[in-house]
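Start counting the sequence shown at -4; every next residue gets the next number (the numbering used here).
Data block below; observations after.
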Amino acid sequence: MKKKLPLILFIISLSCYALFFIIGSDVDENGYLNEPFFLLPLGALFFFASAMFFAWNKINKS
C-alpha cells in the first residue's frame, strides 16, 4: 500500500481536474456563475500530496 498511495492520489487528482472540465461552468438567469470551483484546489492538494509521498518513498528507499 505504501508504494501505491502516490499513484492513487495522482489518479484522484486527475479525476478532480477531469470532473471540473466535464461538469463545466454556466451562468444562470440571475447572473450567478455556477461552477465546481472546489475541484481545482482539491486536485492541486491531491497532486502535491502524491508528489510528496512519491519523493518520500524514493528518499527512504531501503
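Note that the Cβ used here is the ideal one computed from N, Cα and C, for glycine as well.
This one's a predicted model, so the numbers in the text were calculated from it and none came from an experiment.
- Proximity of the stretch 8 to 17 to the stretch 28 to 48 meets the contact definition, three or more beta-carbon pairs being nearer than 8 Å.
- Taking L4 as reference, the option from F43, W51 and I54 with the minimal CA-CA separation is F43.
- For S45, the enclosing alpha helix (DSSP H) stretches over residues L34 to I54.
- Bounds of any alpha helix (DSSP H) do not take in S20, whose DSSP letter is neither H nor E.
- Per DSSP, the beta-bridge partners of L28 are V22.
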